[in-house]
Amino acid sequence: MTCPGSSVFGIGGHSVVLWISPDIAAKVSLQSGDERLRHEQEIFELLDQSECPQVIQCLFRGVDVSFLELITNGTLHDRTSINKPRPILQWMLQLSSAAACLEALGYAHGDINPQNILLDINDQVKLIDFDHSPRVGDMLDVGYEPYVRQHREITGGIYGISGPITEQFALGSVFWYMTRGSELYSELEGSDQVDRLLDGNFPITHPQDPIDHIIRNCWNGHYLRIADLVGDIKNVLGVGIQVQGVIPPSQRYERRRLCEKYYSLVNPSHKLRTAEGDFRSKEENGYDEPLTTTLDYRSFLKRSWSLLTAWTM
Numbered sequence: 001m002t003c004p005g006s007s008v009f010g011i012g013g014h015s016v017v018l019w020i021s022p023d024i025a026a027k028v029s030l031q032s033g034d035e036r037l038r039h040e041q042e043i044f045e046l047l048d049q050s051e052c053p054q055v056i057q058c059l060f061r062g063v064d065v066s067f068l069e070l071i072t073n074g075t076l077h078d079r080t081s082i083n084k085p086r087p088i089l090q091w092m093l094q095l096s097s098a099a100a101c102l103e104a105l106g107y108a109h110g111d112i113n114p115q116n117i118l119l120d121i122n123d124q125v126k127l128i129d130f131d132h133s134p135r136v137g138d139m140l141d142v143g144y145e146p147y148v149r150q151h152r153e154i155t156g157g158i159y160g161i162s163g164p165i166t167e168q169f170a171l172g173s174v175f176w177y178m179t180r181g182s183e184l185y186s187e188l189e190g191s192d193q194v195d196r197l198l199d200g201n202f203p204i205t206h207p208q209d210p211i212d213h214i215i216r217n218c219w220n221g222h223y224l225r226i227a228d229l230v231g232d233i234k235n236v237l238g239v240g241i242q243v244q245g246v247i248p249p250s251q252r253y254e255r256r257r258l259c260e261k262y263y264s265l266v267n268p269s270h271k272l273r274t275a276e277g278d279f280r281s282k283e284e285n286g287y288d289e290p291l292t293t294t295l296d297y298r299s300f301l302k303r304s305w306s307l308l309t310a311w312t313m
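Start counting the sequence shown at 1; every next residue gets the next number (UniProt numbering).
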């Protein structure tokens, strides 16, 4: 069983992303039953109920695999290395709106950083990677400086309690990166950087600059909700969010059907949906197909990259 023309797009700590078609990628867990991918699928299921084009779109969910829209223009890190104007306020609004969508669902992203922000062909940001997204109020133990910070007195997780304080701190540090082109305190050694963050000792910002004012607010935990941050950015920008390239329902349906066909190549027991109606199962519990399905690509790494072979040979 193969997925003709597919190739490896990227490999992470516990999943691999496969290029399936010019519009579709498949994110596959490296280990069968990985709870992180399953958790991300639950987040995608919630996001399906809201209109949030600033997060990557999930087209189809199966056992150990999620089919996503393919975004090939690289990360925010990649974009800042290109010498061309940056629509920073629009990026700030788009990214904050994505975080606000999660907040409205009772979740935080928990790991907002330039590597988890992609740029599409219209130069719009897309937030990705919800594997570790905690509920608001949960302990935050994932992340890396300067997008999280520890405190001298630990309350909750290593980096505090997930919610608007931790999210806006990450956003403020990303906004700094957008405007300066380098990460907060990147000139310092690791221990010195951590000490500055522990003490809440941040660089001087320009009080008359509206973007710097927002950055300072984010670092100081000024906003009670991320939605309030969104409102502040809108006031500075003077216009609402501008969205291009939203996948229309008809095209989304066609891509979903294509994902199902690809999925059925490695999982022949999967039942394709029909135009007359969706196939659902009581055992589904969030998947787009029954949980009783067994795939022939189990234990990706432990079985000599069998999954990669199945999809790309």
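The beta carbon of each residue, even a glycine, is placed where N, CA and C say it ideally should be.
- [ ] Less than 8 Å between the CB atoms is what I'm expecting for P164 and I226, so what's the real figure, rounded?
- [x] Within the sequence shown, residue 164 is the residue found at index 164, counting from 1. Within the sequence shown, residue 226 is the residue found at index 226, counting from 1. Contact flag correct, Cβ pair sits at about 6 Å.
- [ ] Can you give me the start and stop residues for the beta strand (DSSP E) that V16 sits inside?
- [x] The residue labelled residue 16 in the question sits at position 16 within the sequence shown. Per DSSP, V16 belongs to the beta strand (DSSP E) from S15 to S21.
Open item on the list: For R216 and I24, which I take to be in contact (beta-carbon distance under 8 Å), what is that distance rounded to the nearest angstrom?
Closed with: Counting from 1 along the sequence shown, the entry for residue 216 is found at position 216. Counting from 1 along the sequence shown, the entry for residue 24 is found at position 24. Incorrect: roughly 41 Å between the Cβ atoms, too far for contact.
Open item on the list: DSSP three-state label for Y107, please.
Closed with: The residue labelled residue 107 in the question sits at position 107 within the sequence shown. In this structure, Y107 counts as strand in the three-state DSSP scheme.
Task: Whole-number beta carbon distance between I247 and T179, since they are thought to touch under 8 Å - done: Indexing the sequence shown from 1 puts residue 179 at position 179. Indexing the sequence shown from 1 puts residue 247 at position 247. Actually they are not in contact, since the Cβ atoms of T179 and I247 sit about 30 Å apart, beyond 8 Å.
Open item on the list: List, from N- to C-terminal side, the alpha helix (DSSP H) runs of 4 residues or more that fit wholly inside the stretch 149 to 180.
Closed with: 164 to 180
TODO: Keeping to the same chain, check which residues put their C-beta closer than 7 Å to that of G181; ignore five residues upstream and five downstream.
DONE: As a first step, residue 181 is located in the sequence shown; it is residue number 181 there, counting from the start. Around G181: T80.
Task: N- and C-terminal bounds of the alpha helix (DSSP H) containing S191 - done: Start at 1 with the first residue of the sequence shown, and residue 191 comes out as number 191. Run containing S191: G190 to L198, per the alpha helix (DSSP H) assignment.
Open item on the list: Between which two residues does the alpha helix (DSSP H) holding G231 run?
Closed with: Translated into positions along the sequence shown, residue 231 becomes position 231. From DSSP, the alpha helix (DSSP H) with G231 extends over I226 to L237.
- [ ] Can you tell me the Cβ-Cβ gap for V174 and P114, rounded? I've got them flagged as a contact below 8 Å.
- [x] For the purposes of this step, residue 174 is taken as the residue at position 174 of the sequence shown. For the purposes of this step, residue 114 is taken as the residue at position 114 of the sequence shown. About 6 Å; that satisfies the 8 Å criterion.
Task: Continuous alpha helix (DSSP H) assignments of at least 4 residues falling wholly in the stretch 62 to 116 - done: 76 to 80 and 88 to 104
Open item on the list: Across the stretch 249 to 263 and the stretch 47 to 61, are there enough close Cβ pairs to call them in contact, namely three or more that are closer than 8 Å?
Closed with: yes
Task: Whole-angstrom distance between I204 and G190, CA atom to CA atom - done: Locating residue 190 in the sequence shown gives position 190, counting from the first residue. Locating residue 204 in the sequence shown gives position 204, counting from the first residue. Spanning the two alpha carbons is a distance of roughly 20 Å.
Open item on the list: Rounded to whole angstroms, what is the Cα-Cα separation between L140 and R86?
Closed with: Indexing the sequence shown from 1 puts residue 140 at position 140. Indexing the sequence shown from 1 puts residue 86 at position 86. Computed Cα separation, rounded: 31 Å.
Open item on the list: Using only the alpha-carbon positions, how far apart do L152 and D199 sit?
Closed with: The count along the sequence shown starts at 1 and reaches residue 152 at position 152. The count along the sequence shown starts at 1 and reaches residue 199 at position 199. The identity of residue 152 in the sequence shown is Arg, whereas the question assumes Leu. So the alpha carbons of these two residues sit roughly 7 Å apart.
Open item on the list: So the candidates are I112, D64 and R36; which of them puts its Cα closest to the Cα of A266?
Closed with: Your numbering for residue 266 matches position 266 in the sequence shown. Per the sequence presented here, residue 266 reads as Val, with Ala not at that position. Cα-wise, what sits closest to V266 is D64.
Open item on the list: Taking 6 Å as the limit between beta carbons, can you name the residues of its chain near A170, skipping five residues before and five after?
Closed with: Locating residue 170 in the sequence shown gives position 170, counting from the first residue. Only I112 and Y147 meet the Cβ criterion.
Open item on the list: Strictly by DSSP, which residues pair up with F60?
Closed with: Here the question's residue 60 lines up with position 60 in the sequence shown. F60 pairs with F67.
Task: A161 versus D34: straight-line alpha-carbon distance, rounded - done: On the sequence shown, position 161 is the one that residue 161 refers to. On the sequence shown, position 34 is the one that residue 34 refers to. Correcting the residue type first, residue 161 is Ile in the shown sequence and not Ala. Going by the C-alpha atoms only, they are around 24 Å apart.
TODO: Give me the Cα-Cα distance between A100 and T72, rounded to the nearest whole angstrom.
DONE: On the sequence shown, residue 100 is found 100 positions in, with the first residue counted as 1. On the sequence shown, residue 72 is found 72 positions in, with the first residue counted as 1. Cα to Cα, A100 sits roughly 25 Å from T72.
Task: Rounded separation between I158 and V136 - CA only - done: Locating residue 158 in the sequence shown gives position 158, counting from the first residue. Locating residue 136 in the sequence shown gives position 136, counting from the first residue. Going by the C-alpha atoms only, they are around 15 Å apart.
TODO: Figure out for me which residue from L197, A104 and K234 has the closest Cα to the Cα of V49.
DONE: Translated into the one-based positions of the sequence shown, residue 49 becomes position 49. The sequence shown places Gln at residue 49, rather than the Val named in the question. Among L197, A104 and K234, the Cα nearest to that of Q49 is on A104.
Task: Delimiting residues of the beta strand (DSSP E) encompassing L127 - done: For the purposes of this step, residue 127 is taken as residue 127 along the sequence shown, with counting starting at 1. Unbroken beta strand (DSSP E) run through L127: V125 to L127.
Open item on the list: Considering Cα atoms alone, identify which of I214, Y107, S250 and Q54 is closest to S97.
Closed with: Counting from one through the sequence shown, the residue named residue 97 turns up at place 97. Answer by Cα proximity: Q54.
Open item on the list: With a threshold of 6 Å on Cβ separation, who are the neighbours of E40 within its own chain once the five nearest residues in sequence on each side are excluded?
Closed with: Here the question's residue 40 lines up with position 40 in the sequence shown. Result list for E40: F130 and D131, in chain order.
- [ ] Measure the alpha-carbon distance for G13 versus Q31 and round it to whole angstroms.
- [x] For this step, residue 13 is matched to residue 13 along the sequence shown. For this step, residue 31 is matched to residue 31 along the sequence shown. Their Cα atoms are separated by approximately 11 Å.
- [ ] Determine the contact status of Q168 and Y223, defining contact as a CB-CB distance below 9 Å.
- [x] For the purposes of this step, residue 168 is identified with residue 168 of the sequence shown, where counting begins at 1. For the purposes of this step, residue 223 is identified with residue 223 of the sequence shown, where counting begins at 1. For Q168 and Y223, yes; Cβs fall inside 9 Å.
Open item on the list: What does DSSP give as the partner residue(s) for K27 in the beta ladder?
Closed with: Locating residue 27 in the sequence shown gives position 27, counting from the first residue. Answer by DSSP bridge pairing, in chain order: V17 and S66.
Task: Cutoff 8 Å; reference L188; Cβ partners in own chain excluding five residues on either side - done: Position 188 of the sequence shown holds residue 188. Within the same chain, L188 has close Cβ partners R196.
Open item on the list: In the DSSP output, which residue or residues are listed as bridge partners for R38?
Closed with: As a working mapping, residue 38 is identified with position 38 in the sequence shown. Beta-bridge pairing links R38 to no other residue.
- [ ] Please state if the CB of L76 and the CB of L118 are separated by a distance shorter than 9 Å.
- [x] Against the sequence shown, residue 118 aligns to sequence position 118. Against the sequence shown, residue 76 aligns to sequence position 76. Yes, these two residues count as a Cβ contact at 9 Å.
Open item on the list: Can you give me the C-alpha to C-alpha distance between H213 and N235, rounded to a whole angstrom?
Closed with: The count along the sequence shown starts at 1 and reaches residue 213 at position 213. The count along the sequence shown starts at 1 and reaches residue 235 at position 235. Computed Cα separation, rounded: 13 Å.
TODO: Determine the extent of the alpha helix (DSSP H) in which L184 is found, giving its start and end residues.
DONE: Taking the first residue of the sequence shown as 1, we reach residue 184 at position 184. Run containing L184: none; DSSP gives neither H nor E here.
- [ ] Could you please give me the residues that DSSP links to R256 through a beta bridge?
- [x] Here residue 256 refers to the residue found at position 256 of the sequence shown. In DSSP, R256 forms no bridge with anything.
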